[in-house]
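**Student:**
There are 2 protein chains.
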Amino acid sequence: MAQTRRQFLQQVGITGGAGVMYSAMGAIGLAGVAETPAYAAPTRMELNGRGKHVVILGAGIAGLTSAYELGKAGYKVTLLEARKRPGGRNWTVRGGTEEKDLHGNTQRAKFSSGQYMNAGPARIPQHHVTLDYCRELGVAIEPFVNQNADAYLYREGTTALSSKPIRHRTAKADVYGYVSELLAKATDQGALDSALTATDKDALITFLRSFGSIGTKEEGFKYTGTSGRRGYEVEPGAGLEGGTTAAPYGLSDVLASGVGNYFSFEFGWDQAMMMFQPVGGMDRIPYAFEQAIGREKIQYGAQVLGLRNTTEGVTVTYSTGSRPRELKADYAICTLPPHIAATIPSNLPTDIVGALQYARPTNAGKIGIEYSRRWWELDHRIYGGITNSNLDLVNMWYPSTGFHSDRGTMIGYYNTGANATAYGALTPAARLERALAQGAKIHGDVYTKDVKAAFSVDWAGTEHSRAAWVGWTSQTDGVYAKLLDATGNIYFAGDHLSHAIAWQHGAMVSARATVTALHTRVTSR
Amino acid sequence: MAQTRRQFLQQVGITGGAGVMYSAMGAIGLAGVAETPAYAAPTRMELNGRGKHVVILGAGIAGLTSAYELGKAGYKVTLLEARKRPGGRNWTVRGGTEEKDLHGNTQRAKFSSGQYMNAGPARIPQHHVTLDYCRELGVAIEPFVNQNADAYLYREGTTALSSKPIRHRTAKADVYGYVSELLAKATDQGALDSALTATDKDALITFLRSFGSIGTKEEGFKYTGTSGRRGYEVEPGAGLEGGTTAAPYGLSDVLASGVGNYFSFEFGWDQAMMMFQPVGGMDRIPYAFEQAIGREKIQYGAQVLGLRNTTEGVTVTYSTGSRPRELKADYAICTLPPHIAATIPSNLPTDIVGALQYARPTNAGKIGIEYSRRWWELDHRIYGGITNSNLDLVNMWYPSTGFHSDRGTMIGYYNTGANATAYGALTPAARLERALAQGAKIHGDVYTKDVKAAFSVDWAGTEHSRAAWVGWTSQTDGVYAKLLDATGNIYFAGDHLSHAIAWQHGAMVSARATVTALHTRVTSR
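As they're listed, the protein sequences go chains A and B. According to my numbering, numbering within the first sequence proceeds without interruption in unit steps and concludes at 525. According to my numbering, numbering within the second sequence proceeds without interruption in unit steps and concludes at 1525.
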């Protein structure tokens, strides 16, 4: 029996990848959570010599995944990519990276050897197929620090705790302590007797005493902040030094501060630890795809000028700087951002162009700041993680790699929407200046010292992307759905055609769905 | 002003290390939490040729730290260590490691090259001076995964959710959801009006709606589990797949299950993420100390037979297997476990021996299990972290290194007290058998397959340690305190003489305190 079950698991694992394995384990009651729906990659056996030529527009993650999966099965693939590199928004900036943005700014990164910033995607949850491709393609991974009890929360404002960096651990201890005290009191006083049995009440109070580190019933369930969870004024140490705690912040001050409103970020399906990143930069993924697909299959610097369904297949017109060229293939997969795809001359029907135009571009911005001294470790005792604020820089990331080395690259801001656009409107030098002034409110003057290099990206102002990602007013009103089926011989793919928008996972599962649809059509003829 | 402050910080940073930097930053209002109390290492300038000879009993972390700090200042040091290696309880077991325990079991580890288990300390919080020594000694570090939303909680019993592996993320979503719903209702209904102002209530409800992902007031603040935080039956994916969530577990079932009672572990001062480990095994720290101190200063295989204060200094009798030898020095630092030190013939006063005997040994046990397949990643989508249970194995650790490689070593149990002693009483083969049977309850049959090697440690049954650590009935009743001052020319040091017992940090800060006391005495003559 045991052996049979194992054989069964191995069997589905082999043909279907981790996704199928999960579903199967869920079905037989082993796994608590079903993961990615099953994906069965096209095989050479199924294709059986019916190889078709597929032209793929865009060598971002969706295009690369499509080309890789089709190529494995024996399809002829040609990738047309406007940039001089693979990956699209998966972009790692290193020393020497040069970019002219749509505002007219040209930046040339001066990062030291080994230093980089992931300008686009930068973290991978455990359950994303992105990790499966890392495994399959041999891209080494390491933890990405998405949560750190010693990073700060900072809220500018007029409350008692405003404009004061507060460690996550301190905020959590105080919020959880007071929440526990309040709920224990209300429960004990019978306020929830209509919702809770006596057994429930006992179990709840047991939980709250542990969760909030609050006193006994006799002590009024009082939160006094002495557990050490919020940190120490003097750490527990040698001899008689048991540690000195500070009194907790006051209940009203803690509530008014809003520090608790960030906590749920860490519980998110896509954000809860553990998280990962490729060793050496996120672009290790597209470069590994490039190698697996074959460099010669990718035409870089190819700007798409036209896309037409024909009776035989598709015709793509593109330019590599000189005169336009024409490429004929059996099928096309268009992975360009929808708001850009909508502007390309084509014979696509009006409703399909309308569906592409239905996407709402969203902006995001980031700055990488290389320091020649890891002051966040040395002075603030922070090893990776995120400081979150209500300043316009919003999030600051401490590096998840190079611990204890002599330099490191922070993300000085990672923001979206109006904040991103406000920074994007500045010159790169002014963006850095503003980021340093704002960040110094949290970290002190050390934040403005030992700056070695910086590079900033404004995704709305970045050629070939013109957005960080897109949103849809609705994904169920029938407009978005028009892009999920082939229009003649033209298919679409991209994270925008998934429910994991702005994640590489979304691009990958969309590409897989498109590859499956195309392959099913080819093999069922 | 800015420059002045920075100069001040640099100045104290240079002379006092990170600890002083923290205190100073706290004092001028920069850092939210003061860290380790200041430590000023002895210097050659201060010693000024008054070099004394210090014999150190035990080359565990306290002994190594003492020797290292004294050696830097010009003291002559001799370390006597009963084992054939440095580190004491800091012990990394690799292929070829052989150990005969006090029960008469001899194990020889058959781990593959690159595989290991840290049998003693295995994780380092950001604020421990252990990391400072890693930096100073050039020991590379990497994250230790102490928290993983996709690891399991498992409670054997008779409740509705008993004997069912539940992902941490699922347990958290449900517990936080219901807690938020209950507290929001009680607050809204005025049950807490004596404790909360109207402004407090608004802020609290805003927080609870985010924290618990609960409905609006109109929706009765109801928790429905649809946020995705608890996981999906079908993940959000391509096209129209928005993800399918399962209904949350029932309120009474969640409370009865006790799954929430583990959460506070992750908020602990010493356990909150981020945590770290040396690359390649915890014993990289003692071996780096050995190299920095000088291998020739350490006499391995030296069993201490006697310790005497003399008018000139100290005399230590020890054996290296042949006849006893005698070593005379100016001072001794005894870092042996107190319950072992108490058994060594000496002329220590009765009250000092009584203070050593006052320590209560605590047991802990661990088993390392090497698998030739990383089923936790492949089948369960767990990349490092801890599964916690009420089984006698208590904690299981997935490896924090070697992600995506072809093999890995789990900690199959990490338990303390009676559970550890129960496993310790078994033969190593029977320990493994029991660990596999228990672990399979959580992970299924996969847990019993692909086992390549195993090694278990029972600290109470380990020669030269005879405990995992010790506790004290009191650290303030005057008995413990007797060991903090020199008895004649004999000093004591160790994690047991700190408020960070069972941590290397405790051994290090104790050693620093002892070194400081000894150095002050020498230099004030």
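We treat Cβ as the ideally placed atom computed from N, Cα and C, and that holds for glycine.
Identify the residues that DSSP records as bridge partners of B/Q1475: which are they?
**Tutor:** In DSSP, B/Q1475 forms no bridge with anything.
**Student:** Given this structure, state the Cα-to-Cα distance separating A/G439 from A/S400, to the nearest angstrom.
**Tutor:** 19 Å
**Student:** Per DSSP, what kind of secondary structure is B/A1429 in: helix, strand or coil?
**Tutor:** helix
**Student:** According to DSSP, is A/N118 part of a helix, a strand, or is it coil?
**Tutor:** strand
**Student:** In three-state terms, what does DSSP make of A/H404?
**Tutor:** coil
**Student:** Are the CB atoms of B/V1470 and B/P1324 within a distance shorter than 7 Å?
**Tutor:** No. Outside cutoff.
**Student:** Along the chain, where does the beta strand (DSSP E) that runs through B/P1361 open and close?
**Tutor:** Unbroken beta strand (DSSP E) run through B/P1361: R1360 to T1362.
**Student:** The alpha helix (DSSP H) spanning B/P1286 covers which residue range?
**Tutor:** R1284 to I1293
**Student:** Is A/N489 closer than 7 Å to A/G528 when the C-beta atoms are compared?
**Tutor:** Only positions 1 to 525 of chain A appear in this structure, which leaves residue 528 of chain A out of reach.
**Student:** Chain B beta carbons: is any one of them nearer than 7 Å to that of A/W269?
**Tutor:** yes
**Student:** Given this structure, state the Cα-to-Cα distance separating A/I367 from A/A507, to the nearest angstrom.
**Tutor:** 24 Å
**Student:** Tell me whether the segment 160-178 of chain A and the segment 448-463 of chain A touch, counting them as touching only if at least three CB pairs, one residue from each stretch, are closer than 8 Å.
**Tutor:** no
**Student:** With DSSP as the reference, label B/G1104 as helix, strand or coil.
**Tutor:** Looking at B/G1104 - three-state DSSP - the assignment turns out to be coil, as it is neither helix nor strand.
**Student:** Have a look at the DSSP bridge pairing and note the partners of A/W397.
**Tutor:** A/I386 and A/I411
**Student:** If we count the other Cβ atoms within 10 Å of its Cβ and call it buried at 16 or more, is A/P121 buried or exposed?
**Tutor:** buried
**Student:** Along the segment 1132-1162 of chain B, what residues have a CB closer than 8 Å to any CB found in chain A?
**Tutor:** C1134, R1135, A1140, I1141, E1142, P1143, V1145, Q1147, N1148, A1149, D1150 and Y1152
**Student:** If contact means a Cβ-Cβ distance below 9 Å, which residues of the segment 1446-1473 of chain B contact chain A?
**Tutor:** Correct list: V1446, T1448 and K1449.
**Student:** Do A/A67 and A/I293 have their CB atoms nearer than 7 Å?
**Tutor:** Between A/A67 and A/I293, the C-beta gap is smaller than 7 Å, which places the two residues in contact.
**Student:** B/A1517 CB to nearest chain A CB: under 7 Å?
**Tutor:** no
**Student:** Check the Cβ of B/Y1223 against every Cβ in chain A and list those closer than 7 Å, keeping chain order.
**Tutor:** Going along chain A, no residue has its Cβ under 7 Å from B/Y1223, so there is no contact; the nearest lies around 12 Å.
**Student:** What's the C-alpha gap between A/G424 and B/Y1262?
**Tutor:** 44 Å
**Student:** Is it the case that the segment 1169-1187 of chain B contacts the segment 1273-1291 of chain B, given that we only count it when at least three CB pairs across the two stretches are under 8 Å?
**Tutor:** no
**Student:** Tell me the DSSP bridge mates of B/H1128?
**Tutor:** None, per the DSSP bridge assignment.
**Student:** Determine the DSSP secondary structure at B/V1033, reduced to helix, strand or coil.
**Tutor:** Because the pLDDT of B/V1033 is 39, which lies under 50, any placement of that residue in the model is unreliable, and the question is left without a value.
**Student:** Between B/Y1176 and the rest of its own chain, which residues show a CB-CB distance below 7 Å, the 5 nearest in sequence each way excluded?
**Tutor:** F1211 and G1212
**Student:** How about the segment 1077-1084 of chain B and the segment 1248-1267 of chain B: do they share at least three Cβ pairs that are nearer than 8 Å?
**Tutor:** Because the criterion of three Cβ pairs below 8 Å is not met, the segment 1077-1084 of chain B and the segment 1248-1267 of chain B do not touch.
**Student:** Taking only beta-carbon atoms, is A/A194 less than 7 Å away from chain B?
**Tutor:** It is worth fixing the name first, because residue 194 of chain A is Ser in this sequence and not Ala. No, no contact with chain B.
**Student:** List the residues of chain A that B/Q1189 touches, going by C-beta distances under 8 Å, in chain order.
**Tutor:** A191
**Student:** Based on the DSSP secondary-structure assignment, which residues constitute the bridge partners of B/P1143?
**Tutor:** Looking at the DSSP assignment, B/P1143 forms a beta bridge with B/F1276.
**Student:** Taking only beta-carbon atoms, is A/M396 less than 7 Å away from chain B?
**Tutor:** no
**Student:** Tell me whether the beta-carbon of B/Y1318 lies closer than 7 Å to the beta-carbon of B/L1307.
**Tutor:** no
**Student:** Under three-state DSSP, which class holds A/Y232?
**Tutor:** A/Y232: coil per DSSP, three-state reduction.
**Student:** Expressed to the nearest angstrom, what Euclidean distance is found between the alpha-carbon atoms of A/L426 and A/G71?
**Tutor:** 43 Å
**Student:** Could you tell me which of A/I442, A/D132, A/A203 and A/M274 sits nearest to B/L1255, measuring between CA atoms?
**Tutor:** A/A203
**Student:** To the nearest angstrom, how far is it from the Cα of B/S1320 to the Cα of B/E1098?
**Tutor:** According to the sequence as given, residue 1320 of chain B is Thr; it is not Ser. If I take the Cα positions, the gap works out to 19 Å.
**Student:** Hey, could you find the ends of the beta strand (DSSP E) B/I1333 is sitting in?
**Tutor:** Counting along the chain, B/I1333 sits inside the beta strand (DSSP E) bounded by residues Y1331 to C1334.
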